[in-house]
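Asker: Here it is, the structure, as structure tokens.
Numbering (our numbering), first residue to last: 5 to 386.
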């Protein structure tokens, strides 16, 4: 069995209403300055923890994330200037994946030591000097536990990633109550993103038994609860299962990461501004069918985990797993064609060019994705 390193937060606090314990977290003991990064609609959530931390003697600053969509390089650098002036001891991110990615980078990047453009890539970030707490309010990206942070480079029309163990937080609070107000569309898109993390980890050249355990259980939780969470947002059991499934998907991102699904989606988001989770959901079944000759056994395991009632033949089970994903996607209202999100055939060469630049993910795919293969994949989805 090959060696592997599984990255996890120092502590994970999971459960309904556990967010309320945040201000008493041991990481705040003796600190002078705390910076919160929060999605704009969630600012009121911070009233109590900010009040209690200030009462305990800490200076507190709140940065409101108000950019639509994914964080851009330019927007991050504006926030970095503000954060560096405050010089916090602890950074707390409260929000979806974009907010958490920004909070992680604000905690990890010291502009007096390193420039942002010098840390894009893997293992280029200097050791983090600040405490970091992540509090997700969606069940999707897994950013609360992953070593990744992604920014959109608008000039280059591409996403760029910082991958470092120093971006894994010291503590994460996963409270499904914070996801109850998430509308159905965002529930579906972020949930399908979490499913992609698990499925791509399972069907990956770097797949490992240590990670397969999380991937398969994440798949079971998400496949069994996403539709319910979309139909009834107040269903706490479904929201709890989704939060746990997304956490498992985030754990998969460190040692194994994603594959051609995410690579092929980068142009959809970076150039055409299709939401990240939606872009991945659109591509997942097509990429799995492309990979089927080399991923059938793992997809069969998925079918068995889901208890699909089909003949116990590998290819039959694998096809059943893909079909189950398609049924879930439809049930949750996810568009099934690129044309539904404004992509035309003339746009495909740009998408191919973008996808082929994401080599760090394409090399994880069990089957080589050439420019011809990428173009053919996109065409099947028009």
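By construction, the Cβ of each residue, glycine as well, lies at the ideal position given by its N, Cα and C atoms.
#1: Would you kindly report the start and end of the unbroken alpha helix (DSSP H) that includes residue 301?
#2: If distances are taken between C-alpha atoms only, which option among 133, 72, 102 and 117 comes closest to residue 93?
#3: Using C-beta distances below 6 Å, list every residue in its chain close to residue 11, excluding the 5 sequence neighbours before and after it, in chain order.
#4: Taking the alpha-carbon positions, what's the residue 7 to residue 160 distance?
#5: Work out the CA separation of residue 219 and residue 369 for me, nearest whole Å.
#6: Three-state secondary structure (DSSP) at residue 336?
#7: Just to confirm the assignment, what range does the beta strand (DSSP E) spanning residue 43 have?
#8: Roughly how many whole angstroms lie between the Cα atoms of residue 254 and residue 82?
#9: Kindly list the residues whose CB is nearer than 6 Å to the CB of residue 107, restricted to its own chain and excluding five residues on each side of it in sequence; keep chain order.
#10: Note down the Cα distance separating residue 291 from residue 59, rounded to an integer number of angstroms.
#11: Would you call the CB atoms of residue 105 and residue 147 closer than 9 Å?
#12: What are the start and end residues of the beta strand (DSSP E) that includes residue 163?
#13: For residue 354 and residue 271, I'd like the C-alpha separation in whole angstroms.
#14: When DSSP builds the beta bridges, which residues end up paired with residue 139?
#15: Determine the closest residue to residue 139 out of 154, 222 and 21, with distance taken between C-alpha atoms.
#16: Is it the case that the Cβ atoms of residue 264 and residue 338 are separated by a distance below 9 Å?
#17: Please list, in chain order, all residues of the same chain as residue 186 whose beta carbon is under 7 Å from its beta carbon, the five residues on each side excluded.
#18: Using DSSP with H/G/I as helix, E/B as strand and the rest coil, what is residue 154?
#19: Is the beta carbon of residue 382 closer than 9 Å to that of residue 360?
#20: What are the partner residues of residue 65, as DSSP defines its beta bridges?
#21: So which of 373, 102, 137 and 101 has the shortest CA-CA distance to residue 25?
#22: According to DSSP, is residue 329 helix, strand or coil?
#23: Looking at the structure shown, is residue 320 part of a helix, part of a strand, or coil, going by DSSP?
#24: Beta-carbon within less than 7 Å of residue 301's beta-carbon, same chain only, minus the 5 sequence neighbours each way: which residues are those?
#25: In the DSSP assignment, find the beta strand (DSSP E) that holds residue 15 and state where it starts and stops.
#26: With three or more beta-carbon pairs closer than 8 Å as the criterion, would you say the segment 51-66 touches the segment 25-40?
#27: Just the C-alpha distance for residue 214 and residue 273, rounded to the nearest angstrom, thanks.
#28: On the CB-based measure, 16 or more other CB atoms within 10 Å of its CB, does residue 3 come out buried or exposed?
#29: State yes or no: is the C-beta of residue 101 within less than 9 Å of the C-beta of residue 166?
#30: Taking residue 63 and residue 33 to be in contact with their CB atoms under 8 Å, please state how far apart those CB atoms are, rounded to whole angstroms.
#31: With DSSP collapsed to three states, give me the class of residue 207.
#32: Would you list the one or two residues that DSSP bridges to residue 76?
#33: Look at the alpha carbon of residue 124 and the alpha carbon of residue 329, and state the distance between them as a whole number of angstroms.
#34: Since residue 177 sits in a beta bridge, which residues does DSSP pair it with?
#35: Smallest Cα separation from residue 99: which of 362, 281, 46 and 175?
#36: What do you get for residue 340, buried or exposed, if any count of 16 or more other CB atoms within 10 angstroms of its CB means buried?
Answerer: If we stick to the structure as given:
#1: It spans 280-310 - the alpha helix (DSSP H) in which residue 301 sits, taken as one unbroken run.
#2: 133
#3: 151, 169, 172 and 258
#4: When the Cα atoms are used, residue 7 and residue 160 turn out to be separated by approximately 36 Å.
#5: 16 Å
#6: coil
#7: 37-43
#8: C-alpha separation (whole angstroms): 27 Å.
#9: 41, 95 and 97
#10: 53 Å
#11: yes
#12: 162-167
#13: 8 Å
#14: 98
#15: 21
#16: It is not a contact, given that the beta carbons lie outside the stated cut-off.
#17: 142 and 237
#18: Secondary structure of residue 154 (DSSP, three-state): strand.
#19: no
#20: 39
#21: 137
#22: helix
#23: Judged by DSSP in its simplified three-state form, residue 320 adopts helix.
#24: Cβ within range, chain order: 318.
#25: 15-18
#26: The segment 51-66, when compared against the segment 25-40, does touch it at the 8 Å Cβ threshold.
#27: Straight-line spacing of the CA atoms in residue 214 and residue 273 works out to 31 Å.
#28: Since the displayed the chain opens at 5 and closes at 386, residue 3 lies outside it and no answer follows.
#29: no
#30: Wrong, their Cβ atoms sit about 15 Å apart, outside the cutoff.
#31: coil
#32: 156
#33: 33 Å
#34: 17
#35: 46
#36: exposed
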